[in-house]
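Numbering (our numbering), first residue to last: 33 to 253.
We put the CB at the ideal spot given by N, CA and C, even for glycine.
The model shown is predicted, which means the values in this text are computed figures rather than measured ones.
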């Protein structure tokens with residue numbers, strides 16, 4: 033549209049989109065159309081639209097990996113205009129696959145109903161988070177989601193400022209706070225499991241993580 037306005041300027045008082053969509057509807061503007069140079073306009077389209085698109089397409093073709101080309105930043109946080117570039121000094125082999133396992137500790141189950149009475153470990157990489165059994169959580173009036181709510185903060189484990197070269201500058205590192213939250217959850221699990229409230233009737237509660245992580249069962253060999 034900017035090119036149209038540049039090479040076919042519409043006189044004041046007319047809606048440019050209406051004119052461009054139906055030039056025959058405005059015979060009084062024939063003189064404007066007569067001044068249009070299609071060769072010059074086509075060259076501008078090539079230079080300003082087609083060639084940049086072709087360059088981006090070629091970049092994707094010759095590059096095996098890319099990072100995200102879009103994100104969301106609130107206006108109050110956007111103190112510097114974002115830009116996208118490749119940083120050759122950063123690790124180029126970063127997996128986009130993140131897996132978690134929910135392991136039922138069947139040997140610690142109090143009854144044969146291991147789904148209800150066995151505690152669990154949520155395993156994410158090298159991190160293991162102890163989750164009380166559904167029975168103990170139910171007796172404490174909690175769901176798994178409520179028990180794990182303490183892990184929602186901080187929202188970012190690390191915030192970095194990345195330039196076109198060199199390693200990222202770490203602006204915020206929340207690893208200590210995250211580990212403190214994990215340790216606090218371990219204490220909460222011990223507290224819940226040690227209340228002696230394991231006489232709740234068998235049954236089931238919705239397993240909040242069942243749809244998110246694969247299940248694994250560990251039995252005593």
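According to the Cβ coordinates, are residue i and residue j closer than 8 Å?
| i | j | result |
| --- | --- | --- |
| residue 154 | residue 134 | yes |
| residue 140 | residue 132 | no |
| residue 221 | residue 163 | yes |
| residue 35 | residue 80 | yes |
| residue 192 | residue 185 | no |
| residue 137 | residue 152 | yes |
Looking only at its chain, what residues have a beta carbon closer than 8 Å to the beta carbon of residue i, apart from the 5 residues adjacent to it on each side?
| i | result |
| --- | --- |
| residue 196 | 117, 118, 119 |
| residue 61 | 42, 43, 46, 51, 55 |
| residue 218 | 161, 162 |
| residue 199 | 121, 122 |
Would you call residue i buried or exposed, if buried means 16 or more other Cβ atoms sit within 10 Å of its Cβ?
| i | result |
| --- | --- |
| residue 166 | buried |
| residue 254 | Nothing about residue 254 can be reported from this structure: the residues present for the chain run from 33 to 253 only. |
| residue 148 | buried |
When the Cα of residue i is compared with those of the options, which residue comes out closest?
| i | options | result |
| --- | --- | --- |
| residue 122 | 74, 181, 84, 194 | 194 |
| residue 189 | 224, 143, 203 | 203 |
| residue 124 | 71, 96, 137 | 96 |
| residue 207 | 144, 177, 187 | 187 |
| residue 180 | 216, 158, 76, 157 | 216 |
| residue 158 | 104, 211, 70 | 211 |
Quick one: measure Cβ to Cβ for residue i and residue j, integer angstroms, because I've assumed they're closer than 8 Å.
| i | j | result |
| --- | --- | --- |
| residue 39 | residue 73 | 4 Å |
Take residue i and list the residues in its own chain whose beta-carbon comes closer than 6 Å to its own, dropping the five residues that flank it on each side.
| i | result |
| --- | --- |
| residue 58 | 51 |
| residue 129 | none |
| residue 205 | 190 |
| residue 233 | Bear in mind that a pLDDT of 36 at residue 233, under 50, signals an unreliable position, so the number given afterwards is only what the model happens to contain. Here the set comprises nothing. |
Once the 5 residues before and after residue i are set aside, which same chain residues still bring their CB inside 7 Å of it?
| i | result |
| --- | --- |
| residue 146 | 136, 138 |
At a cut-off of 7 Å, is residue i close to the ligand ADP when judged by its beta-carbon and the heavy atoms of the ligand?
| i | result |
| --- | --- |
| residue 204 | The model on display carries no ligand, and the ligand ADP is accordingly not part of it. |
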